[in-house]
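Engineer: For the record, the sequence lines run as chains A and B. With this note's numbering applied, the first sequence covers 1 to 115. With this note's numbering applied, the second sequence covers 1 to 116. Cβ atoms here follow ideal geometry from the backbone N, Cα and C, with glycine treated the same way. Remember, predicted model here, so these are calculated numbers, not experimental data. Input: one structure, supplied below.
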Amino acid sequence: GESVGLHLPTLSVQEGDNSIINCAYSNSASDYFIWYKQESGKGPQFIIDIRSNMDKRQGQRVTVLLNKTVKHLSLQIAATQPGDSAVYFCAEKKTNEAAGNKLTFGGGTRVLVKP
Amino acid sequence: NAGVTQTPKFRVLKTGQSMTLLCAQDMNHEYMYWYRQDPGMGLRLIHYSVGEGTTAKGEVPDGYNVSRLKKQNFLLGLESAAPSQTSVYFCASRKLAGLESYNEQFFGPGTRLTVL
């Protein structure tokens with residue numbers, strides 16, 4: 001079946017630097033792509049999403065870029081802080097309210113912020 | 001407002017035993033989901049519910065049953081636990097989308113289950 005995956009399992013970043021987390025997807029029918037953050041021992045937490053008709057969306061210290069030509073998604077975190085240390089998951093969705101708007105998650109990238 | 005809560009937090013079962021995981025949400029959300037997360041992997045959907053009294057199968061439903069008798073609760077049952085069901089289980093809920101599509105699922109803290 002179609003799935004969402006990630007290129008880098010672990011990313012070490014110096015505090016204050018920018019982080020870039022990458023994700024490849026294969027379902028061209030997906031209309032939303034979403035990033036979640038999971039801190040150790042906790043459930044995932046929504047960060048930001050982007051609709052498939054957009055190529056960039058900015059949030060607070062985060063930017064998501066979507067390249068549909070190569071089916072690639074990335075999350076950029078500006079001025080990475082210790083609190084950004086977590087596992088980051090990308091997910092995709094094909095909107096279907098009757099079918100629960102299910103998300104398909106990728107495998108995750110661990111971000112380690114060095115002081 | 002507690003959000004999404006899960007009980008128990010930890011459980012150890014022997015092969016063949018049964019148990020029920022409880023998920024509760026106080027946000028009046030329509031949708032609820034059960035996921036499992038295995039080491040180093042993303043979340044896989046077990047079952048979901050689009051409203052009270054309705055349930056549907058997700059990606060990995062075998063060996064699990066669910067019920068949604070009340071809007072705020074979503075129960076996940078293991079009738080005969082197997083070692084392959086050792087995992088961390090997460091429940092999530094989401095509100096009904098309005099005119100704009102809505103993608104934020106609220107997750108509980110998880111239940112760590114070990115089957116010996």
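Would you mind reading off the limits of the beta strand (DSSP E) that contains H72/A?
Structural biologist: 72 to 77 is the extent of the beta strand (DSSP E) around H72/A.
Engineer: Is there at least one Cβ from chain A nearer than 8 Å to P39/B's Cβ?
Structural biologist: Judged by the 8 Å Cβ criterion, P39/B is not in contact with chain A.
Engineer: Could you compute how far the alpha carbon of R112/B sits from the alpha carbon of G16/A?
Structural biologist: 34 Å
Engineer: Y48/B touches chain A at which residues, Cβ-Cβ below 7 Å?
Structural biologist: G100, K102
Engineer: Put D49/A into one of helix, strand or coil per three-state DSSP.
Structural biologist: strand
Engineer: Counting only beta-carbon atoms, is P109/B nearer than 8 Å to chain A?
Structural biologist: Under the Cβ distance rule, P109/B counts among the residues neighbouring chain A, one pair being separated by less than 8 Å.
Engineer: Give, in chain order, every residue of the segment 37 to 61 of chain A whose Cβ lies closer than 9 Å to some Cβ of chain B.
Structural biologist: Those residues of the segment 37 to 61 of chain A that come within reach of chain B (Cβ to Cβ, closer than 9 Å) are Q38, G41, K42, G43, P44, Q45, F46, D49, R51.
Engineer: Go ahead and pull the three-state DSSP assignment for S30/A.
Structural biologist: Note: S30/A maps to coil in three-state DSSP.
Engineer: Does the beta carbon of G83/A come closer than 8 Å to any beta carbon on chain B?
Structural biologist: no
Engineer: Which residue comes first and which comes last in the beta strand (DSSP E) that contains Y154/B?
Structural biologist: Residue 154/B lies beyond the range of chain B shown here (1 to 116); nothing can be said about it.
Engineer: Establish whether the CB of Q105/B and some CB of chain A are separated by less than 8 Å.
Structural biologist: yes
Engineer: Can F107/B and P82/A be called in contact, C-beta distance under 8 Å?
Structural biologist: No, these two residues do not count as a Cβ contact at 8 Å.
Engineer: Report the residue from R36/B, T55/B, Y31/B, N1/B whose alpha carbon sits nearest the alpha carbon of Q85/B.
Structural biologist: R36/B
Engineer: I'd like the list of long-range same chain contacts for S30/A, defined as Cβ closer than 7 Å, with 5 residues on each side in sequence excluded.
Structural biologist: S52, E92, K93, K94
Engineer: On the criterion of 16 or more Cβ atoms from any shown chain inside 10 Å, does M32/B qualify as buried, or is it exposed?
Structural biologist: Label assigned to M32/B: buried.
Engineer: Can you list the residues of chain B that G107/A reaches, using a CB-CB cut of under 9 Å?
Structural biologist: G40, M41, G42
Engineer: Buried or exposed for L116/B, please, with buried defined as at least 16 other CB atoms from any protein chain shown within 10 angstroms of its CB.
Structural biologist: exposed
Engineer: Quick one, are the C-beta atoms of C90/A and F46/A less than 8 Å apart?
Structural biologist: no
Engineer: Would L78/B and G58/B be called neighbours here (beta carbons separated by less than 8 Å)?
Structural biologist: 8 Å or more divides the Cβ of L78/B from the Cβ of G58/B.
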